[in-house]
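Numbering (the numbering used here), first residue to last: 43 to 502.
Right, dumping it as structure tokens:
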């Protein structure tokens with residue numbers, strides 16, 4: 043393709059751009075490959091500074107009335123993304139499930155149907171709430187719209203290196219909320235069976251939410267007791283009766299044991315029973331010979347000893363836990379709380395839907411698509427932000443850390459912008475501005491969602 047002279051004069055062709063952009067497959071086929079490729083070396087070495095990436099333009103996507111955002115997490119069942127309710131502007135999360143993945147998981151479809159059935163009738167401050175369910179028969183997808191949580195206990199524990207534990211006063215507050223939610227579930231005749239830090243989520247105000255009811259069981263309302271026959275929870279949090287393979291066991295006492303293991307884990311960073319493999323782990327649990335360490339706080343050690351009893355009949359009930367001295371008197375705050383770790387460098391967990399709305403309502407066009415950056419620029423940006431993080435620069439938290447990197451915003455000092463003819467030129471400290479567009483655009487508040495514009499969105 044033709045290149046414009048770098049000095050802007052059509053008659054002077056002595057200085058040409060070092061980068062040529064070929065957008066047509068026919069032009070590629072017409073290239074003389076003998077001149078382009080060094081015959082002895084089929085694979086030519088390319089300097090990282092010459093590899094140019096183009097910022098991916100964000101496209102607004104609707105699922106029903108919900109505007110899709112970025113991925114918050116991913117598990118065996120599917121992805122979890124942030125969404126925005128276009129009617130109420132409420133911030134929510136969606137769990138995207140595909141039949142293809144569910145068929146690969148034992149009892150996958152059955153567990154999902156059971157979870158939906160249970161969540162529809164649960165409404166408590168410390169239990170995750172299911173707000174809506176959408177189906178897409180063509181794509182074989184299911185969308186579970188749930189209330190938004192900024193993170194989870196396991197995520198927080200992993201961010202505390204190397205202790206992997208929470209301050210005692212913070213762990214006490216979460217444990218109190220866990221007991222409130224568990225008491226509500228047991229009052230509704232529901233056994234969770236998989237209480238662990240990974241299934242305990244947190245909202246912006248640090249309200250704990252019990253989530254993941256895939257293996258939960260609803261007891262029959264006419265059942266004389268809480269007997270259960272199946273246990274599918276995480277092995278490290280299972281009680282001795284399940285490790286020993288009992289056919290029938292108390293469902294409520296299973297949850298209480300898991301609650302005790304969770305409390306021990308978030309306060310010490312350890313597990314009462316460990317093993318090199320799952321068989322050794324279950325063998326150690328079945329022996330039930332755990333003794334509280336001497337360094338553990340006396341009241342907490344006494345509570346854990348009564349919760350982690352081998353005989354379910356001797357194991358503390360929820361009411362006995364509530365009346366225990368450690369539960370009734372919160373420890374003093376001797377150190378700062380562990381914050382929710384940043385998501386992709388954003389310590390404030392800002393909405394990931396807003397960039398999609400900005401791209402849609404501000405009608406971002408070629409000005410955005412013409413921004414390029416190299417791998418060298420990316421590595422420099424990573425090194426710069428890591429140095430800021432290591433030095434505990436307060437501006438690092440204010441700027442959102444690695445947010446600029448993951449949003450593919452190039453560094454101001456080294457940005458490659460293409461002109462209208464396609465040739466590349468290097469600009470220095472030139473801010474990206476929408477005023478370069480050939481036509482004027484009316485700017486609207488981002489928070490105002492206009493239904494007139496939704497016809498351009500890609501519907502799912």
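Each residue gets a CB set at the ideal place from its N, CA and C atoms; glycine is no exception.
Rounded Cβ spacing between residue i and residue j (contact assumed at less than 8 Å)
i           : j           : result
residue 358 : residue 320 : Rounded, the Cβ-Cβ distance is 27 Å, inconsistent with contact.
residue 291 : residue 354 : 7 Å
residue 121 : residue 138 : 5 Å
residue 258 : residue 234 : 5 Å
residue 273 : residue 284 : 4 Å
residue 310 : residue 163 : No, residue 310 and residue 163 are not in contact; Cβ-Cβ is about 36 Å, not under 8 Å.
residue 346 : residue 302 : 6 Å
residue 232 : residue 265 : About 12 Å; that fails the 8 Å criterion.
residue 323 : residue 316 : 7 Å
C-alpha distance - residue i paired with residue j, whole-angstrom precision
i           : j           : result
residue 165 : residue 157 : 14 Å
residue 328 : residue 215 : 30 Å
residue 242 : residue 252 : 5 Å
residue 318 : residue 276 : 15 Å
residue 167 : residue 188 : 13 Å
residue 102 : residue 394 : 12 Å
residue 386 : residue 287 : 42 Å
residue 27  : residue 295 : The first residue shown for the chain is 43 and the last is 502, placing residue 27 beyond what the model contains.
residue 383 : residue 124 : 17 Å
residue 99  : residue 402 : 10 Å
residue 351 : residue 142 : 41 Å
residue 223 : residue 237 : 11 Å
residue 410 : residue 194 : For residue 410, the predicted model reports a pLDDT of 49, less than 50, meaning its position is unreliable and no value from the coordinates is stated.
residue 378 : residue 305 : 19 Å
residue 376 : residue 211 : 8 Å
residue 176 : residue 308 : 36 Å
residue 428 : residue 391 : 19 Å
residue 349 : residue 115 : 32 Å
residue 587 : residue 366 : Outside the displayed range of the chain (43 to 502) lies residue 587, so it cannot be described from this structure.
residue 127 : residue 111 : 11 Å
residue 202 : residue 247 : 20 Å
residue 254 : residue 360 : 21 Å
residue 442 : residue 109 : Caution is warranted here: a pLDDT of 45 is assigned to residue 442, below 50, making its placement in the model unreliable, and no coordinate value can be reported.
residue 313 : residue 130 : 43 Å
residue 389 : residue 119 : 27 Å
residue 134 : residue 335 : 42 Å
residue 461 : residue 399 : Unreliable placement is indicated for residue 461, whose pLDDT of 43 sits below 50; the coordinate value is still reported in the next sentence. Computed Cα separation, rounded: 26 Å.
residue 330 : residue 239 : 22 Å
residue 420 : residue 179 : 41 Å
residue 249 : residue 198 : 14 Å
residue 363 : residue 145 : 40 Å
residue 472 : residue 396 : Note that residue 472 scores 40 on pLDDT, short of 50, meaning its location in the model is unreliable; the coordinates nonetheless yield the value given after this. Approximately 24 Å between the Cα atoms of the pair.
residue 263 : residue 204 : 46 Å
residue 213 : residue 417 : 42 Å
residue 200 : residue 192 : 15 Å
residue 372 : residue 337 : 19 Å
residue 245 : residue 226 : 19 Å
residue 136 : residue 159 : 17 Å
Residues that residue i bridges to, as DSSP identifies them
i           : result
residue 291 : 270
residue 126 : 109 and 133
residue 252 : 169 and 242
residue 120 : 139
residue 260 : 232
residue 187 : 136 and 174
residue 193 : 244
residue 115 : 122
residue 385 : 388
Any contact of the segment 214–228 with the segment 269–281, i.e. 3+ C-beta pairs under 8 Å?
no
Flag this pair as touching only if the segment 175–192 and the segment 104–118 have three or more C-beta atom pairs under 8 Å; answer yes or no.
yes
Alpha helix (DSSP H) segments (min. 4 residues) lying fully within the segment 297–356
320–329 and 340–349
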